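Engineer: In terms of UniProt numbering, the sequence shown opens at residue 1 and continues consecutively. Structure provided below as structure tokens; questions to follow.
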Amino acid sequence: MLASPAIAQSRSLGPSTGSVRIEQVQAGFIASGEVGGGTLRFRGRSYPITVGGLGVGSIGASRTVASGTVYGLKNRSDLAGAYVQLKEGWAVGSQGRGNVWLQNDKGVTLRLATRRQGLQLSLGADGVLIGFKQ
């Protein structure tokens, strides 16, 4: 059910406008929280970012490294703000994979592949805040 909008959306995103790499720690038992940071690559430059969020649909704890493509980013400042996140994935020990789709109200979409370590099962939706480090 959650994957259908993400699959349909991937066909209409247009060309990539940047890339992002995020490292975060997640923990949850039904409700979940996550905190971390990373780097945005946009127009040949790198910008440090912060990432945090709350959601539902997660059990366990893991360390996640996510990297992928940014779509619809016209100005660097459009990346900052609140995102809705659709996710699915798993982690058992050092083996774990998943996919994450994030979209904000400015039309910016992040399509990320994740690698996880820990013990966690995720299938749900979150609210995520992305900002720039000062």
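Every residue, glycine too, gets a C-beta built ideally from N, C-alpha and C. Quantities reported herein were computed from a predicted structural model and do not represent experimental measurements.
1) Would the beta-carbon of glycine 68 fall within 8 Å of that of threonine 50?
2) Identify whether leucine 13 lies in helix, strand or coil by the three-state DSSP scheme.
3) When the Cα atoms are used, what is the spatial distance from glutamine 24 to arginine 116?
4) Using a 10 Å radius around the Cβ and a threshold of 16 neighbouring Cβ atoms, would you call asparagine 104 buried or exposed?
5) Can you give me the Cβ contacts of threonine 109 inside the same chain, cut-off strictly under 8 Å, excluding the 5 residues immediately before and after it?
6) Quick one: Cα of arginine 76 to Cα of glycine 44, how far?
7) Using only the alpha-carbon positions, how far apart do alanine 66 and tyrosine 47 sit?
8) Count the other CB atoms within 10 Å of the CB of arginine 97; is the residue buried (16 or more) or exposed (fewer)?
9) To which residues of the same chain is arginine 41 closer than 6 Å at the C-beta, ignoring the five residues directly before and after it?
10) Taking the alpha carbon of glycine 118 as the reference point, which residue from Ser62, Phe132, Ile130, Gln26 has its own alpha carbon closest?
11) Please report the distance separating the alpha-carbon of serine 16 from that of glycine 60.
12) Whole angstroms are fine: how far does the CA of lysine 106 sit from the CA of phenylalanine 132?
13) What number of angstroms, rounded off, separates the C-alpha of threonine 114 from the C-alpha of glutamine 26?
Structural biologist: Result, derived from the coordinates:
1) Taking the sequence shown and counting its residues from 1, the one referred to as residue 68 is at position 68. Taking the sequence shown and counting its residues from 1, the one referred to as residue 50 is at position 50. Annotated as distal: glycine 68 and threonine 50, with beta-carbon spacing of 8 Å or more.
2) Here residue 13 refers to the residue found at position 13 when the sequence shown is read from its first residue. Note: leucine 13 maps to coil in three-state DSSP.
3) The residue given as residue 24 occupies position 24 in the sequence shown. The residue given as residue 116 occupies position 116 in the sequence shown. A straight-line Cα-Cα distance of about 10 Å links glutamine 24 and arginine 116.
4) Locating residue 104 in the sequence shown gives position 104, where the first residue counts as 1. Its Cβ being crowded by 16 or more others within 10 Å, asparagine 104 is buried.
5) Here residue 109 is taken as the residue at index 109 of the sequence shown, counted from 1. Within its own chain, the residues whose Cβ lies closer than 8 Å to the Cβ of threonine 109, once the five positions on either side in sequence are excluded, are Gln9, Leu13, Val70, Tyr71, Gly72, Trp101, Leu102, Gln103, listed in chain order.
6) One-based indexing of the sequence shown puts residue 76 at position 76. One-based indexing of the sequence shown puts residue 44 at position 44. About 12 Å.
7) Taking the first residue of the sequence shown as position 1, residue 66 is located at position 66. Taking the first residue of the sequence shown as position 1, residue 47 is located at position 47. Computed Cα separation, rounded: 16 Å.
8) In the sequence shown, the residue the question calls residue 97 occupies position 97. The residue is exposed, with fewer than 16 neighbouring Cβ atoms inside 10 Å.
9) By 1-based counting over the sequence shown, the position of residue 41 is 41. Excluding residues up to 5 positions away in sequence, Gly18, Ser19 lie with their Cβ nearer than 6 Å to the Cβ of arginine 41 in the same chain.
10) The sequence position of residue 118 within the sequence shown is 118, counting from 1. Ranking the options by Cα distance to glycine 118, first place goes to Ser62.
11) To locate residue 16, count along the sequence shown from 1; it is residue 16. To locate residue 60, count along the sequence shown from 1; it is residue 60. Rounded to whole angstroms, the gap between the alpha carbons of serine 16 and glycine 60 is 33 Å.
12) Numbered from 1 along the sequence shown, position 132 holds the residue referred to as residue 132. Numbered from 1 along the sequence shown, position 106 holds the residue referred to as residue 106. Each residue's CA atom was taken as its position, placing phenylalanine 132 and lysine 106 some 16 Å apart.
13) As a first step, residue 114 is located in the sequence shown; it is residue number 114 there, counting from the start. As a first step, residue 26 is located in the sequence shown; it is residue number 26 there, counting from the start. Threonine 114 and glutamine 26: Cα-Cα distance of roughly 12 Å.
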